[in-house]
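Notes for the one structure printed next.
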Ligand code: COA
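In my numbering, the protein residues as written are 591 to 844.
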């Protein structure tokens, strides 16, 4: 079965992370499938709204770390960057249903969703520094605006997880629900949006986003260049090796 499930009904395209054995971490092939699905959905009249969801126990454990080692993203046309640009510029409403861990891109992709529903077990984490990397998805721009600088620094420099209630408080989540109810609730909100006039939805979203759109894309480009450099560096190599060997990384020599 595919690692990304795709289903359209009632005007809602639901994309489901389906790689539970690896905690829904995302491979290059999955980024490509997501980017292609969003690009297709943009022009499809049958799709008025898109919903991203995982499982009641885990949303997404971030980039597949083995993939980081074996096939690091090469430039702006790599699948991960295509996916990031696609979610940052997607014109129709984009929703997410998030339960359990949402790590790295599992959290940063939410910054580009219009509505986010979280399970009370949701744990958001941005461990880029802990992996010898830097933020992506324009999170270094959007998070300080959303959380305030100091809370963003706590999330991005220390990389410690924060829970659903904190996400609700800072406006990263719209509502917190029991995990078994989140996907169904998000689906019902998506269906409700899909009944509204699509032209008004698209224009309203565009007007809300346009003031920041160029800055977001520019930040993503700069983050992408730094991320690509750090990915080849000794700290990232040590962090990935430590993850695969299930040990604590030792950054004392880097
Ligand atoms: N890349 C590749 N494999 C991953 C992964 C990732 N990002 N996240 C989890 N996995 C794999 C584990 O290696 C393990 O594989 P194995 O069964 O072959 O040993 C399996 O998924 C289960 O993970 P495990 O860590 O045992 O589950 P957990 O419930 O104890 O913890 C997480 C879940 C998400 C908290 C933890 O897996 C985690 O922190 N993952 C890494 C997150 C990360 O740093 N992502 C990169 C962000 S840029």
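Glycine residues also receive a C-beta, built at the ideal position from the N, C-alpha and C atoms.
Per DSSP, cross-strand counterpart(s) of residue i
i, result
"residue 666", "Bridge partners of residue 666: none, in fact."
"residue 817", "BP columns for residue 817 are empty, so no partner."
"residue 599", "602"
"residue 567", "Beyond the ends of the chain as shown, which are 591 and 844, falls residue 567; an answer cannot be given."
"residue 643", "606, 687"
"residue 703", "Residue 703 is not bridged to any residue."
"residue 693", "715"
"residue 653", "616"
Where residue i falls, given that 16 or more other Cβ within 10 Å makes a residue buried
i, result
"residue 716", "buried"
"residue 809", "buried"
"residue 651", "buried"
"residue 814", "buried"
"residue 683", "buried"
"residue 796", "exposed"
"residue 621", "buried"
"residue 654", "buried"
"residue 617", "buried"
"residue 699", "buried"
"residue 839", "buried"
"residue 743", "exposed"
"residue 668", "buried"
"residue 702", "buried"
"residue 787", "exposed"
"residue 630", "exposed"
"residue 671", "buried"
Residue i versus the options, residue with shortest Cα-Cα distance
i, options, result
"residue 660", "826, 840, 837", "826"
"residue 602", "828, 820, 782, 818", "782"
"residue 725", "666, 697, 681", "697"
"residue 635", "608, 610, 789", "789"
"residue 677", "828, 780, 803", "803"
"residue 624", "638, 592, 655, 612", "592"
"residue 793", "732, 831, 828, 680", "680"
"residue 628", "731, 613, 673", "673"
"residue 626", "743, 675, 752", "675"
"residue 641", "772, 655, 694, 799", "772"
"residue 710", "739, 727, 752", "752"
"residue 834", "599, 600, 608, 612", "612"
"residue 656", "800, 831, 740, 610", "831"
"residue 754", "769, 779, 778", "769"
"residue 664", "801, 818, 685", "818"
Presumed contact (8 angstroms Cβ cut-off) between residue i and residue j, rounded CB distance
i, j, result
"residue 821", "residue 662", "5 angstroms"
"residue 615", "residue 605", "That belief does not hold up - the Cβ atoms of residue 615 and residue 605 are roughly 16 angstroms apart, past 8 angstroms."
"residue 714", "residue 776", "16 angstroms between Cβ atoms; not a contact."
"residue 828", "residue 816", "18 angstroms between Cβ atoms; not a contact."
"residue 806", "residue 737", "Incorrect: roughly 16 angstroms between the Cβ atoms, too far for contact."
"residue 784", "residue 639", "5 angstroms"
Chain B within 7 angstroms of residue i, Cβ atoms only
i, result
"residue 717", "Absent from the structure is chain B; it holds one protein chain and no more."
| message | Does the stretch 697-712 come into contact with the stretch 762-781, if we say contact requires no fewer than three beta-carbon pairs (one atom in each stretch) closer than 8 angstroms? | response | yes
| query | Taking three-plus beta-carbon pairs below 8 angstroms as touching, is the stretch 715-730 in contact with the stretch 742-756? | reply | Judged by Cβ distances under 8 angstroms, the stretch 715-730 makes contact with the stretch 742-756, as three or more pairs qualify.
| task | Check whether the stretch 643-654 touches the stretch 685-700, taking contact to mean three or more Cβ pairs, one atom from each stretch, closer than 8 angstroms. | result | Touching, yes.
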